[in-house]
Amino acid sequence: MPFIPHTEDDIQSMLATIGVDTIDDLFDEIDPSLRDVSLDTIPARASEQAVTRLMGERAARDAGGLCFIGAGAYEHHIPAAVWELTTRGEFYSAYTPYQPEASQGTLQVVYEYQTMMTGLTGMDVANASLYDGASALAEAVLMAVRANRKSKASRILMPASVHPFYRQVAHNICANQGITFEAIDYDRTTGRIDTHALERWAGEDVTALVIPQPNFFGVLEEVDTLTDWAQSNGALAIGVVNPLSLAVLKEPGRWGTGEGADIVVGEGQPLGAPLASGGPYFGILCCRKKHVRQMPGRVVGRTQDMDGRNGYVLTLQPREQHIRRSKATSNICTNQGLLVTAATIHMSLLGAQGLENTAATCIANTRSLVAKLTEIDGVESVFDGTAFHETVLRLPADAGAVLNILAERGVFGGLALADFYDGLDNTVLVCATETKTEADLDIYAQALRAVLAEQAEAA
Amino acid sequence: MPFIPHTEDDIQSMLATIGVDTIDDLFDEIDPSLRDVSLDTIPARASEQAVTRLMGERAARDAGGLCFIGAGAYEHHIPAAVWELTTRGEFYSAYTPYQPEASQGTLQVVYEYQTMMTGLTGMDVANASLYDGASALAEAVLMAVRANRKSKASRILMPASVHPFYRQVAHNICANQGITFEAIDYDRTTGRIDTHALERWAGEDVTALVIPQPNFFGVLEEVDTLTDWAQSNGALAIGVVNPLSLAVLKEPGRWGTGEGADIVVGEGQPLGAPLASGGPYFGILCCRKKHVRQMPGRVVGRTQDMDGRNGYVLTLQPREQHIRRSKATSNICTNQGLLVTAATIHMSLLGAQGLENTAATCIANTRSLVAKLTEIDGVESVFDGTAFHETVLRLPADAGAVLNILAERGVFGGLALADFYDGLDNTVLVCATETKTEADLDIYAQALRAVLAEQAEAA
Amino acid sequence: MTEKLIFEYSRPGRRALAQAPAEAPAIDDIPAALRRESPVGLPQASEMDVVRHYTRLSQLNFSIDTHFYPLGSCTMKHNPRACNTLASLPGFLNRHPLAPTSHGQGLLACLYELQEMLTAVTGMEAVSLTPMAGAQGEFTGVAMIKAYHESRGDSARDEILVPDAAHGTNPATAVMCGCKVVEIPTDADGDVDTAALRDAVSERTAGIMLTNPSTLGVFEQDILEIAEIVHGAGGLLYYDGANLNAILGKVRPGDMGFDVIHMNLHKTFSTPHGGGGPGSGAVGVGKRLRDFMPIPVVGRDGEGDGATYRWLTEKDIPHTIGRLSAFMGNSGVLLRAYVYARLLGAEGMTRVAEFATLNSNYLMTRLREAGFDLAFPDRRASHEFIVTLKRQKQQLDVSATDVAKRLLDYGFHAPTIYFPLLVPECFLIEPTESESKETLDAFVDAMIAIWDEAKADATTLKNAPVNLPVRRLDEVAAAKNLDLKHDSATAIGA
Amino acid sequence: MTEKLIFEYSRPGRRALAQAPAEAPAIDDIPAALRRESPVGLPQASEMDVVRHYTRLSQLNFSIDTHFYPLGSCTMKHNPRACNTLASLPGFLNRHPLAPTSHGQGLLACLYELQEMLTAVTGMEAVSLTPMAGAQGEFTGVAMIKAYHESRGDSARDEILVPDAAHGTNPATAVMCGCKVVEIPTDADGDVDTAALRDAVSERTAGIMLTNPSTLGVFEQDILEIAEIVHGAGGLLYYDGANLNAILGKVRPGDMGFDVIHMNLHKTFSTPHGGGGPGSGAVGVGKRLRDFMPIPVVGRDGEGDGATYRWLTEKDIPHTIGRLSAFMGNSGVLLRAYVYARLLGAEGMTRVAEFATLNSNYLMTRLREAGFDLAFPDRRASHEFIVTLKRQKQQLDVSATDVAKRLLDYGFHAPTIYFPLLVPECFLIEPTESESKETLDAFVDAMIAIWDEAKADATTLKNAPVNLPVRRLDEVAAAKNLDLKHDSATAIGA
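Residue numbers (full-length UniProt numbering), protein chains in the order written: chain A, 1 to 459; chain B, 1 to 459; chain C, 1 to 494; chain D, 1 to 494.
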């Protein structure tokens with residue numbers, strides 16, 4: 001039997017020990033009406049060989065395409081060592097390290113991860129990860145409501161320049177707790193948060209301001225001003241960052257003139273997680289020390305054993321659901337341990353210099369792509385704010401239709417924004433990471449030029 | 001620097017310790033005329049990212065095709081666990097186990113492998129593997145010459161039904177030692193060794209007879225008769241087997257009416273090695289106990305440590321080149337450790353029943369394929385001897401040309417034998433392993449039918 | 001055997017150069033005020049340092065691939081390697097989540113079929129795969145229950161009933177959804193106290209969250225009555241799938257009357273635990289909650305070979321509680337679950353419950369015969385059962401922790417201890433179906449040996465573990481003197 | 001920590017069923033006399049048994065991924081993981097060796113480029129990649145030398161000159177090729193005794209086999225003179241590439257006058273050692289031997305993007321010594337070497353020799369300063385060097401073996417001991433370029449600590465190792481009472 005080691009002798013001897021005749025007898029406390037189950041619609045078992053072939057064929061169907069889509073998930077080179085090590089059975093098949101003495105590998109990895117994350121963000125404390133960037137933002141919002149005792153309003157200022165899906169997730173997870181989200185518009189010229197829209201909330205009871213850096217449009221926000229605005233208005237500053245960008249951009253721990261952002265979250269995917277159609281990724285959450293006891297999720301601490309040797313344990317567990325139950329900081333139990341392992345190895349291999357070179361290459365490639373694309377008649381940048389590694393371009397044609405044709409020709413040209421923003425019809429969010437060569441950029445430019453020419457001709 | 005950890009500080013401090021100014025000074029014992037080297041034609045280093053992309057593209061070029069080629073390398077399902085475990089760093093990056101206390105993992109694996117191989121072949125002893133099946137046959141020939149002290153002729157009877165490449169390799173490796181190979185023809189009807197051709201050598205000084213099972217044509221030889229013939233004529237019997245076949249075929253340890261074959265070799269590839277364009281595979285070599293000290297290659301033995309615990313060591317090293325130098329049984333040093341590891345895991349997962357089911361499915365699939373193909377006008381089996389999982393078919397057209405067209409249509413239809421045997425023009429050696437479904441067989445049959453029809457029309 | 005921190009291998013200027021671009025192009029257009037000035041606190045290491053360090057660290061772990069791991073309520077069963085290998089095929093790994101679905105039909109076909117299989121084996125109407133872990137599955141379930149009541153104008157229902165033995169995530173989730181928690185006591189047999197339940201339900205009852213079999217290792221004998229009580233009061237039933245392994249293919253939550261269920265695919269469908277995740281908390285819904293499923297869900301257009309698949313969004317499910325992750329949950333985990341489900345097939349799923357239950361009852365019987373006390377001696381074990389070491393604690397001052405730590409020395413991971421909270425010195429033991437009789441017997445032998453050790457000299461247990469990389473760690477000091485990062489890192493990274 | 005044999009996990013009827021066809025179709029047409037009747041002695045185990053067993057076994061090994069491994073003459077350098085990952089892409093793994101070359105252009109392009117790079121870095125005229133290990137490379141070289149002489153009608157040349165310090169494979173290979181071995185002594189500085197060489201050469205000299213730097217860890221200072229002597233006598237020069245790492249990209253065997261070279265790609269080009277293989281012994285040839293190269297070799301037709309590749313066979317190289325493996329040697333190993341070569345590039349290859357030599361000279365200096373005796377104190381180290389523990393043996397009766405075993409306890413693999421045979425109590429130490437200064441310093445510290453232990457109480461060393469899975473193993477008993485297989489296997493397999 002696949003994955004069941006019992007021989008016929010084993011079964012008989014075990015049943016005899018238990019004192020029943022059949023395995024079915026062991027279910028005799030269950031109402032008979034419940035025990036007549038049909039699984040007719042589930043296929044019979046397939047051999048590993050058959051499933052291997054099926055999956056090989058299906059994976060091949062999904063392969064290929066030159067990808068210029070970003071929008072929250074980025075194609076980066078992941079060193080081969082990362083997943084060869086991460087999928088070692090001792091990491092892959094271990095449980096949550098509830099018995100620390102038997103889990104020092106996992107625990108030390110998380111401690112190293114926490115150290116790296118605080119280094120990257122300039123924050124005091126990092127947790128052991130959350131599910132993904134979007135749900136991490138939701139947890140940060142809940143945390144801010146707990147941490148900002150002066151605010152009674154449970155009011156979060158949520159800029160429109162935050163990833164639309166992140167805004168939806170934060171709303172869906174937090175709405176049941178009476179938290180309100182106030183939209184802050186973006187500046188049509190710069191693509192940044194509209195500071196006039198923000199000023200409307202000066203003097204009001206605001207719990208927290210969310211500050212994306214870079215924002216969804218790829219544009220860099222004026223994080224110092226925004227952080228100062230929030231903190232001078234009694235609000236916490238919640239940064240939402242791309243961790244890769246922090247190799248070159250000012251770390252949230254230094255945003256503003258005070259002590260930096262209060263809480264920082266982000267999508268960890270650029271640090272070693274494959275695109276994989278959306279997951280598993282991992283959510284980063286860091287905060288200032290004073291908020292640590294409001295932090296959701298697992299945390300690993302260093303301590304000592306009976307002989308005075310250093311070792312690692314899960315700590316601050318009284319915040320968590322398995323101890324505090326209905327009074328926990330979150331219902332979160334699982335973190336993304338395997339992804340954290342990959343990220344820790346990834347960051348160890350790249351180091352600060354490798355991350356910086358990667359980030360700078362992404363920026364340079366995107367600048368170069370934008371230059372090539374905007375040479376095409378009618379293609380232009382929408383915003384003039386400085387970008388990180390993504391840019392919104394306007395096309396002289398229906399963006400969705402153009403992207404579909406490009407995809408048929410093997411180029412995934414970006415994300416059409418018309419569905420997400422009024423006024424951004426015919427726009428595309430494009431990204432060229434370090435994985436793209438000059439030749440790749442030219443392929444995109446030539447393909448777009450051709451498609452637009454055909455569209456113009458047809459029109 | 002890739003794969004070199006030295007910082008500039010390290011280098012300076014190390015040079016100072018040594019007492020030289022530059023690294024180049026360390027080469028000052030070498031004639032200056034030798035130290036001016038140009039490597040202009042070697043490309044500059046590429047990043048892992050660039051090489052990953054290059055290799056991805058090249059691998060994709062080689063992918064695909066429904067493979068019905070056998071001829072010494074067979075497509076079998078390899079459980080995912082096999083190579084995930086085999087490539088664990090502790091196996092993958094370990095050296096030959098010269099320090100046994102630090103190598104118990106590798107040593108125990110080999111001991112288990114040796115046990116499995118003796119189980120499969122029914123022989124007394126197995127070595128830790130040789131390079132591949134063909135070179136193992138060469139080593140078996142050399143071993144037979146050493147072991148058969150009664151024979152002075154260094155004469156090996158080599159049937160034409162042995163894989164042509166094996167015959168070539170054996171000749172190329174052994175010829176310098178004055179060993180002669182006498183060809184034994186095959187029976188044109190059965191595809192087996194022509195016993196009349198063999199009888200010519202009765203009473204002569206023959207050192208060994210090579211007995212392939214199954215033979216190159218896929219046909220089963222009369223191993224009992226052949227073994228008895230050899231041994232009654234003072235020759236050793238050297239079996240050349242496909243190890244997978246031994247799950248269903250009589251094991252060489254029981255061939256004949258005596259004590260079985262003297263030496264058995266084979267290509268280990270069907271036991272967990274991917275096709276990989278030809279290697280790395282591994283050569284199996286087993287023998288009867290009385291020949292053990294003439295055996296080439298490494299052997300692992302069980303012994304005990306100072307506390308009486310069981311442990312494993314390389315043993316019988318006095319046969320080997322690093323001790324015995326010019327008097328060694330072979331110059332062999334390396335074995336195929338990683339492949340042996342894979343094979344041991346593979347056999348553990350499949351067990352006897354899994355191997356038997358695999359072998360029987362291969363046989364059934366090939367029978368079914370042959371039935372479908374010989375329904376096509378003009379396609380017929382060449383031999384009437386019972387086959388294992390390969391069969392020679394004659395086509396009503398030039399086999400090489402037909403195979404080329406089939407390959408363009410995604411079917412690798414087998415190996416054309418015209419280049420290897422006079423009289424086998426227009427013949428193809430075909431094989432359908434357990435990886436082939438009924439639908440696959442139909443694809444081949446339809447494709448062949450179509451190609452032959454086109455050929456006939458064009459003719 | 002311990003291992004330094006990766007930061008302690010770091011040397012200024014060292015790099016694993018092959019793995020990233022060699023140079024940083026100038027990025028002059030970014031204003032100085034937005035640029036980073038201080039060093040990034042990452043280690044500077046060679047590839048060899050990194051490979052050695054993390055290889056060695058991995059060896060410090062217990063794992064399913066190395067040890068028996070009878071951790072109750074966690075279903076530490078064998079993780080077939082094919083699941084990882086096949087989900088890691090480049091075509092799956094390299095696909096962008098927002099790439100057109102025309103270039104994702106392989107993935108979508110797998111997810112659609114997984115939805116169908118999970119729907120069938122749980123007896124529900126439909127499944128959404130998007131929740132990223134059990135706790136998010138729970139959130140999804142309660143949020144749907146709230147949305148259901150609100151859609152009917154029945155918005156005063158703000159109480160979630162939770163048995164006192166429940167996982168901590170249950171009450172925590174109820175609160176996250178803005179509900180109040182009403183605890184329901186357990187009776188002496190380990191079942192929900194139905195009389196207390198009758199008293200607890202009211203027009204404020206939104207629903208009940210149940211694990212069945214419960215965390216006490218027994219199947220709720222009155223489940224049909226419970227369903228009737230709660231439904232009768234206008235509430236809905238939520239099934240916490242943490243213990244689904246106990247009944248997979250054998251009994252279906254949908255048949256018991258549950259309106260929603262989450263499944264821990266990382267338990268029942270054997271996706272890796274990964275040292276704490278990723279998980280996957282797919283939810284199945286009955287007809288009452290179908291309209292509220294979280295998006296995206298995979299839909300199919302057409303039939304047979306011509307079928308195509310696409311994401312269903314709010315346009316297709318207008319009452320959805322919405323999106324809970326940036327993209328599609330833990331897709332890679334779902335692929336692993338899909339492979340596992342196909343390898344099992346229908347018959348294999350049923351065998352999971354059967355052999356998990358056989359192993360559990362066998363181990364329970366053997367331990368009882370060896371002199372250990374069961375929390376519910378008159379009940380069948382489900383896939384897990386509880387030993388209470390209360391007597392040992394009283395007689396020898398040996399705690400569940402002491403025995404757990406000593407088991408580590410014997411090469412067995414400890415069972416879950418001190419949960420459920422209501423059983424004193426509790427050992428919650430779940431062997432799973434993938435362990436052999438020999439392993440279970442060896443575990444019993446170890447328990448007997450440890451008990452003999454305790455009787456001879458309890459300090460042997462108090463000092464345990466002694467064979468592990470570290471001895472017993474001071475968790476109190478860890479919480480008091482928080483040390484959550486290595487402080488020299490930033491300096492080293494300079 | 002030891003681990004049972006897989007056979008001891010075996011139980012009749014147990015199977016990892018997913019991995020093979022569930023049933024065996026009838027194969028009635030095979031005559032009974034040819035069928036197997038007795039059981040196959042394989043274990044009957046579950047997938048979990050197998051995964052656990054081999055995971056645990058792996059943990060009993062030292063390896064480059066876990067330990068410093070300064071094994072002289074073995075070049076245990078870092079194995080970049082990309083080499084394995086990329087050589088294992090399905091397109092490469094699944095290709096049949098006899099599939100048409102139209103469906104193998106990816107592989108062939110890699111092999112062709114590898115041939116070109118190896119040709120350039122060794123200074124030879126051409127390379128054949130087919131030999132499957134160093135010893136087969138040596139065989140190839142000597143067989144080509146013989147074929148060369150025979151092709152010129154000079155067939156009385158049957159003597160191969162071999163320095164007394166040579167690897168055992170050298171004389172063993174000469175004999176395999178039907179030659180006699182003439183040993184050449186080493187002078188006091190570790191160089192070949194050129195006077196003795198002059199006396200040894202004659203019209204019977206087929207050639208000389210040299211490792212340079214030699215196994216004594218020094219570069220032959222008179223290599224150009226040696227070449228002149230041998231060539232002058234009508235012999236050819238064979239370069240044993242075992243120590244190529246010492247000079248890669250820095251000095252080229254072709255420039256020294258060698259006619260043929262084999263390369264251990266599993267040393268210099270970092271393909272895995274795999275616990276004893278697979279290796280790869282590519283051979284490079286000068287113009288005299290080009291016509292005799294073993295097949296297949298990869299040829300290119302056309303240039304640039306339009307180039308196509310094919311196998312060159314006896315039709316292209318009519319004087320070839322022929323085929324040495326059934327197909328194309330260890331192709332998968334060659335792909336790994338190709339990836340490594342591309343990651344290094346020209347500059348990286350030169351750095352290999354430079355930093356291997358830097359590490360070796362540094363470690364030699366540190367050990368000398370710590371009071372250890374060098375075999376050749378007046379010479380530069382190449383990529384390796386020799387410490388002799390003769391004094392320690394005399395003073396304290398502590399042998400090279402004792403120190404080696406104790407090093408294992410300290411977490412360092414032992415250097416090569418008792419080779420070359422002519423240095424007493426020999427420690428041949430090769431750190432490789434991929435180790436850091438800290439690791440070398442830690443090794444020196446361990447050597448000092450062990451020496452202090454020896455002075456305090458030599459039994460500490462005699463009892464070593466104590467921290468490993470087993471203590472010192474009785475190799476004499478192993479050879480005397482041969483136990484080469486587990487005997488109950490066949491019974492268990494019944």
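Glycine included, each C-beta is placed from N, C-alpha and C at the ideal position.
Predicted model, so just to flag it, every value in this text is computed and none were measured.
Sequence-distant residues of its chain with Cβ nearer than 6 Å to residue i (five each side left out)
{"i": "D:Leu-197", "result": "Ile-184, Ile-229"}
{"i": "B:Pro-79", "result": "Leu-349"}
Residue i at chain C interface by Cβ criterion, 8 Å
{"i": "A:Leu-349", "result": "yes"}
{"i": "A:Gly-119", "result": "yes"}
{"i": "A:Ile-376", "result": "no"}
{"i": "B:Ser-47", "result": "yes"}
CB contact check: residue i to chain A, cutoff 8 Å
{"i": "C:Ala-489", "result": "For C:Ala-489, the predicted structure reports a pLDDT of 45, less than 50, and the residue's modelled location is therefore unreliable. A value from the coordinates is still provided. Yes - at least one Cβ of chain A is within 8 Å of the one on C:Ala-489."}
Cβ distance (whole Å) where residue i is taken to contact residue j below 8 Å
{"i": "A:Thr-315", "j": "C:Ala-479", "result": "5 Å"}
{"i": "D:Val-444", "j": "D:Ala-381", "result": "With a Cβ gap of about 14 Å, D:Val-444 and D:Ala-381 do not count as contacting."}
{"i": "C:Gly-254", "j": "C:Met-76", "result": "In fact, because the Cβ distance is near 27 Å, the residues do not count as touching under 8 Å."}
{"i": "A:Thr-358", "j": "C:Ala-26", "result": "Going by Cβ atoms, the distance from A:Thr-358 to C:Ala-26 rounds to 15 Å, so no, they are not a contact pair."}
Beta-bridge pairing of residue i - partner residues as DSSP gives them
{"i": "A:Gln-213", "result": "A:Val-241"}
{"i": "A:Thr-180", "result": "A:Arg-155"}
{"i": "A:Asn-310", "result": "A:Gln-304"}
Nonlocal neighbours in the same chain, by C-beta distance under 8 Å from residue i, ignoring five residues either side
{"i": "C:Leu-440", "result": "Asn-359, Tyr-362, Leu-363, Arg-366, Pro-431"}
{"i": "B:Ala-205", "result": "A small correction: the amino acid at residue 205 of chain B is Asp; Ala does not occupy that position in the sequence shown. Hits under 8 Å: Ser-151, Lys-152, Ala-153, Arg-155, Gly-234."}
Within-8 Å CB hit, residue i to chain B
{"i": "C:Ala-22", "result": "yes"}
Go through the UniProt domain "Aminotransferase class V" (155–274) of chain D residue by residue and report every complete run of the beta strand (DSSP E) that reaches 3 residues or more, in order.
If we require 3 residues or more, the beta strand (DSSP E) runs fully inside the UniProt domain "Aminotransferase class V" (155–274) of chain D come out as 159–163, 180–184, 205–210, 236–241, 260–263.
Can you list, in chain order, the stretches of the alpha helix (DSSP H) that have 4 or more residues and sit fully within the segment 86–136 of chain D?
List check, alpha helix (DSSP H) in window: 90–93, 105–122.
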